[in-house]
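Residue numbers (the working numbering): 135 to 262.
In structure tokens:
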């Protein structure tokens with residue numbers, strides 16, 4: 135199912151909307167050199183880095199990036215990883231750096247959150 139149209143206020147309808155990476159970049163990627171394209175490159179770089187560490191899961195993207203704002207300031211991303219994500223993060227310092235929320239905000243300009251499929255907080259997060 136494609137990403138739905140924006141509401142009159144410039145935001146997507148309430149709810150979670152599954153999308154392929156092609157749909158995300160087509161819809162939110164922006165023109166080359168734009169703030170949107172810079173954010174998209176950062177998001178894809180984050181995704182690719184996760185893949186490089188063998189991390190699988192779901193990324194939930196939020197924030198002004200998924201609005202109709204021509205120059206969104208950032209994106210928010212929630213990684214829902216497999217049950218051993220924390221253990222792998224603790225064993226691999228570079229993965230720990232990648233999942234460091236403060237570093238993501240300061241150095242890359244996005245808000246990062248993560249949890250695991252077996253986390254007791256996951257149902258709460260899915261209802262947001």
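Ideal placement from N, C-alpha and C gives every residue a C-beta, glycine not left out.
Mind checking who residue 192 pairs with in its DSSP beta bridge? 214
Which partner residues of residue 246 appear in the DSSP bridge assignment? 211
Apart from the five residues on each side of it in sequence, which residues of its chain come closer than 7 Å, Cβ to Cβ, to residue 140? 146, 202
Quick check: what's the CA-CA separation for residue 191 versus residue 217? 10 Å
Kindly list the residues whose CB is nearer than 8 Å to the CB of residue 165, restricted to its own chain and excluding five residues on each side of it in sequence; keep chain order. 171
Express the C-alpha separation of residue 156 and residue 246 in angstroms, rounding to a whole number. 22 Å
Am I right that residue 231 and residue 237 are in contact with their C-beta atoms under 8 Å? What's the rounded C-beta distance? 6 Å
Compare the beta carbon distance of residue 248 and residue 228 with 7 Å and say whether it is the shorter of the two. no
With distances taken Cα to Cα, identify the nearest neighbour of residue 194 among 243, 135, 213, 256. 213
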